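In what follows, a single structure is set out as structure tokens and then discussed.
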Amino acid sequence: MISVVNVSAGYEGKKVLNDLSLSLSKGKMTGIIGPNGSGKTTLMKVLNGTHPLDKGEVLIKGKRLQNYTAKELAKVMAVLPQHAGSSFDFTVQEVVELGRYPFYKGLLKVASAHDEQVVKEAIELTGVQDFVHKSINQLSGGEQQRVMLAKALAQEPEILLLDEPTNHLDLSYQIKLMDLLKKWVYTRKLTVVAILHDLNIASLYCDEVILLDDGIVKANGHPRAIMNKELLQEVYYTPLTRRDHPEAPSPIIAPVPEMKTQEKSIQKLELTATKELMVFSSPFPLKTLSSALIGGGFQWASTFVNRHVDKNYYIDDAHNEYRNYLKEKQFNPHDTIGMMTAARLGDASVVSIQKEDFALLIAVTVGTGNAVDAAQSWIRKEEATVGTINIWIFIEGVLTDEAFVQAMMTATEAKTSALSTYNVLDPLSKTVATGTSTDSICIGSTQSGTHMRYAGTITPVGKAIGKGVFEAIGQAIENYRKRMM
């Protein structure tokens with residue numbers, strides 16, 4: 001659809017684009033990213049024919065750009081500039097109607113019924129119908145941006161060029177705009193080329209991304225390839241981290257601030273306990289991976305609540321009930337990892353391990369009344385009772401994501417070994433239990449100190465986790481059995 005061949009361009013003898021070549025596909029959304037001064041805006045002007053070339057050529061649908069008349073080009077390409085507004089006092093309706101001007105016929109340039117329908121649709125799609133009779137100069141920057149988009153869409157272009165289209169828009173309209181553009185790309189085979197400063201918007205919505213740096217194409221391809229931490233750090237000169245979006249198959253890029261942090265020692269965790277609650281409080285957030293009812297998955301938290309409930313506890317929406325419970329107890333659910341257990345909190349066991357390079361604090365609550373052998377659980381009815389084995393592991397160190405998962409696996413294997421050693425049986429299958437019906441686990445890390453890439457059973461931290469969990473569960477089982485005697 002668009003070909004840029006060996007293009008060089010600049011200003012007053014200063015070269016901004018340097019022998020740049022690229023090809024933009026039809027029916028795709030292409031994002032142009034790069035730091036300030038990399039040539040993004042100059043490239044956009046080259047594509048729409050408003051900036052002269054020092055060298056090379058631009059082809060639109062196989063035809064040289066300079067061979068298009070202004071009217072011919074307007075039927076193929078629409079442009080949404082970075083700064084909206086008008087030096088004339090046009091109404092919103094009149095501005096959008098200007099998008100149809102290349103299609104008006106006859107000496108009087110009268111709009112047809114189709115033209116009017118296209119304008120009406122563009123106004124509705126961009127949500128500017130409430131101020132069609134207002135002057136565009138009376139609108140906010142975000143509203144003006146939406147009006148100019150409506151004008152561009154009214155052209156019914158095959159190609160839409162956008163210079164920072166989400167500029168001035170609040171978050172909801174950013175998403176609505178990008179959703180609309182993506183829909184048109186798929187349903188109308190619209191070719192969209194957009195300069196985007198927000199790397200995550202580019203990652204979420206673009207089919208292809210072009211990374212510019214110092215007037216050249218540093219990289220070009222699918223967002224999953226371009227949103228590379230090392231590549232982006234090299235171009236933007238700032239530390240970054242990459243994660244996957246939780247709901248979409250797109251990477252998310254986040255800056256890593258340089259922070260002088262307080263000392264983060266697990267010795268600063270404070271434990272308070274009653275018959276109803278066992279709470280660890282931290283003066284700083286810990287990065288956690290858990291299977292807890294509240295705060296499951298990865299998150300940061302500074303409050304860790306183990307709540308005792310009756311063994312007959314049953315609520316249709318236990319998650320919502322627990323959130324409300326935490327609020328009543330003055331805990332912030334967004335900063336809390338919350339588990340429930342039918343085990344008596346008085347039977348809990350806490351193990352502290354101090355090594356040269358790291359430290360662990362492990363706490364468990366255990367009750368074996370509803371023990372289950374996972375290999376034989378298929379013979380049971382599909383019902384869940386309140387969990388009884390809850391494991392909390394706090395680590396003073398820096399864990400990778402894979403180390404979090406491996407720590408969880410190591411702890412689970414140690415739990416199974418402890419249940420076997422203490423001959424805890426599944427009452428239904430009469431085989432050795434591997435856990436109880438709804439056990440929970442939380443791995444919390446200070447993310448300071450020694451870096452630990454792995455936490456499997458043979459690693460130093462894995463060995464400590466295995467030993468500590470085995471001992472803690474063993475002690476808790478003994479406490480439980482003594483009380484039941």
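Residue numbers (the working numbering): 1 to 485. Built from N, CA and C at the ideal position, the CB exists for glycine as well. In this text the structure is predicted, and so the values were computed from the model without any measurement.
Three-way DSSP call (helix, strand, coil) for residue i in this model
i	result
Q354	strand
T30	strand
N48	helix
I226	helix
K75	helix
P460	helix
E515	What is shown of the chain runs 1 to 485, which leaves residue 515 out entirely.
P165	coil
Y11	strand
Q376	helix
M487	No statement about residue 487 is possible, as the shown extent of the chain runs from 1 to 485 and does not include it.
H197	coil
I477	helix
R323	helix
K63	strand
P102	helix
I266	helix
Q93	helix
L231	helix
8 Å Cβ shell around residue i - same chain, five flanking residues per side excluded
i	result
L199	I33, M227, L232, I253
V76	I60, K61, Y68, P157, E158, I159
D347	T365, V366, G367, A476, N479, Y480, R483
N423	V432
F298	K287, T288, L289, D401, F404
Inter-residue spacing [alpha-carbon to alpha-carbon] between residue i and residue j
i	j	result
T336	A225	35 Å
L293	T365	16 Å
S256	Y237	As written in the sequence, residue 256 is Val, which differs from the Ser given in the question. Going by the C-alpha atoms only, they are around 12 Å apart.
Q144	D213	30 Å
A150	L65	25 Å
V432	D373	6 Å
E356	I473	24 Å
A407	H197	38 Å
A26	L139	Going by the sequence as given, residue 26 is Lys instead of Ala. One C-alpha to the other measures close to 34 Å.
F394	D401	15 Å
H114	F103	10 Å
V118	R100	8 Å
A248	W300	21 Å
F90	T42	29 Å
K55	S21	11 Å
H334	R323	9 Å
L190	T459	54 Å
N306	N137	58 Å
L169	N312	51 Å
M452	F404	10 Å
S250	K430	47 Å
G127	K45	28 Å
A486	T434	The structure shown does not extend to residue 486, since the chain is modelled only from 1 through 485, so no value can be given for it.
Residue i vs residue j beta-carbon contact at 8 Å
i	j	result
S282	S440	no
L162	L125	no
L53	V7	yes
T410	G462	yes
D207	M29	yes
V58	V4	yes
S349	L361	no
A342	D310	yes
W392	C442	yes
A122	V95	no
G449	F358	yes
I465	A414	yes
Residues of its chain near residue i, where Cβ-Cβ distance is below 7 Å and the 5 sequence neighbours each way are ignored
i	result
S265	E396
N370	T385, T388, T436, S437
K229	L240, T241, R242
F331	T303, V305
A318	L293
Same chain, Cβ closer than 6 Å to residue i, neighbours up to 5 away in sequence not counted
i	result
G215	V16, L17, N18, G39
V79	N48, L161
G31	A194, L196, A202, C206, V209
Q174	T166
K71	P102
G468	V351, I353, L360, I362
Ignoring anything shorter than 4 residues or poking outside the segment 119-161, list the alpha helix (DSSP H) runs there in chain order.
141-154
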